[in-house]
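Engineer: For the sequence shown, this note's numbering gives the first residue as 1, with consecutive numbering after it. Just so you know, even glycine gets a beta-carbon here, dropped at the ideal spot from N, CA and C. Below is one structure. I have some questions about it.
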Amino acid sequence: MFLYCCNNVKRRKKHEYDFLYQTQASIGFFILAYIFAWVFTPLIVISPVYGLPGLFAPAFAALIVSGITGGRHEVIGLLRKLTIWRVNLIWYLVALGLPVVVSLFIALLGRFFGSDPSLQFAPITALGLVVFILVIGEELGWRGYAQIQFEKKYPTFVAAIILGILWGFWHLPNCFIPGLPHYEVPLLAFIFYTTSLSILAAWLMKNTRGSVLIATLFHGATNTFGFLTPGLEVETRWWLIAIVYTAAALVIILGTRVRLQRSLRRSTDNASVG
């Protein structure tokens, strides 16, 4: 009995230690991600090249923290999430097509707020394609590391909501730098937007065996593909974006819940028959 109690205490202490250790690692990750981004992003006003490290801040932070906590093995495991490409073709179509569909709804709603009634697809520029590729620096950190860490403590969508809020505030310097896409964006609308994207990206990862590649394609598509809403004020446009993406995220959450309930009901029915 004494040995049993001692083992229980040891297991509890180990669990508490692991929880504390993981929490400290997560805090360290966000501190590094914020510092790298907030130091380098403002340098874009001097030259876009100087601001590039800011785009890779989450990846740098994830690699550093993974190296410290798990060594080479954990770093390799993190990078391998970028190579998970053998997934059902439908998920590639969803990752690339969902932002286009959502953008179409935003453009249609924009007509009621004074936007040009003609639908215009945003031109795909060289800069847009570069940004499409560079979001890998964000996704390796946000989805490849932070989402996984939060899921050790919270359900998937709760973890995604927490991450989405932190991800939104990470962009804060961009809201004050003229010329950047997020300049003068209403912060609350932007937080709703990033939180919704976080939920959708987490859902995509869950259905693709944790593929950061799919999450990267989705994030890149939200930045690159879509319809224009000429004539709308910045605040109106971003609130429309936030509302439509939030609606899309809620549909996914409710749909997932219904599917799980049906699955549980079938399992219960089968067990009763057996």
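Please classify Cys5 as buried or exposed, where buried requires at least 16 neighbouring CB atoms within 10 angstroms.
Structural biologist: For this step, residue 5 is matched to residue 5 along the sequence shown. Residue confidence for Cys5 is low, a pLDDT of 40 falling below 50, so the modelled location carries little weight; the figure read from the coordinates is stated next. Around the beta carbon of Cys5, a 10 Å sphere encloses fewer than 16 other beta carbons of the protein chains shown; the residue is thus reported as exposed.
Engineer: Taking 8 Å as the threshold (C-beta atoms), are Ala95 and Leu204 in contact?
Structural biologist: Here residue 204 corresponds to residue number 204 of the sequence shown, with the count starting at 1. Here residue 95 corresponds to residue number 95 of the sequence shown, with the count starting at 1. In this structure, Ala95 lies closer than 8 Å to Leu204 by Cβ.
Engineer: So Phe113 and Leu232 are supposed to be a Cβ contact under 8 Å. How far apart are they, rounded?
Structural biologist: For the purposes of this step, residue 113 is identified with residue 113 of the sequence shown, where counting begins at 1. For the purposes of this step, residue 232 is identified with residue 232 of the sequence shown, where counting begins at 1. The pair is a contact, with the Cβ atoms about 6 Å apart (cut-off 8 Å).
Engineer: As a quick exercise: from Arg80, Leu108 and Val185, pick the residue whose alpha carbon is nearest that of Leu140.
Structural biologist: Translated into the one-based positions of the sequence shown, residue 140 becomes position 140. Of all alpha-carbon atoms in Arg80, Leu108 and Val185, the one lying nearest the alpha-carbon of Leu140 is that of Arg80.
Engineer: Check the DSSP bridge columns for Phe225 and list the partner residues they point to.
Structural biologist: Position 225 of the sequence shown, counted from the first residue, corresponds to residue 225. Answer by DSSP bridge pairing: none, since Phe225 is not bridged.
Engineer: If Ser103 and Pro230 are in contact, beta carbons under 8 Å, what's the gap, nearest whole angstrom?
Structural biologist: Position 103 of the sequence shown, counted from the first residue, corresponds to residue 103. Position 230 of the sequence shown, counted from the first residue, corresponds to residue 230. Between Pro230 and Ser103 the Cβ distance is about 14 Å, and since that is not below 8 Å, they are no contact.
Engineer: May I ask you to list the residues that DSSP assigns as paired with Phe169?
Structural biologist: Here residue 169 is taken as the residue at index 169 of the sequence shown, counted from 1. When DSSP reads this structure, Phe169 sits in no beta bridge, so it has no partner.
Engineer: Can you tell me which of the three DSSP states Phe190 falls into?
Structural biologist: The residue given as residue 190 occupies position 190 in the sequence shown. Phe190 falls in the helix class under three-state DSSP.
Engineer: Give a yes or no on whether the C-beta atoms belonging to Leu276 and Trp91 are separated by under 8 Å.
Structural biologist: Nothing in the structure corresponds to residue 276, since the chain is present only between 1 and 274.
Engineer: Could you compute how far the alpha carbon of Val100 sits from the alpha carbon of Pro181?
Structural biologist: If you number the sequence shown from 1, residue 100 lands on position 100. If you number the sequence shown from 1, residue 181 lands on position 181. Between Val100 and Pro181, the C-alpha separation is close to 18 Å.
Engineer: Trp238 and Phe169 - do their beta-carbons sit closer together than 8 Å?
Structural biologist: To locate residue 169, count along the sequence shown from 1; it is residue 169. To locate residue 238, count along the sequence shown from 1; it is residue 238. Cβ atoms of Phe169 and Trp238: not closer than 8 Å.
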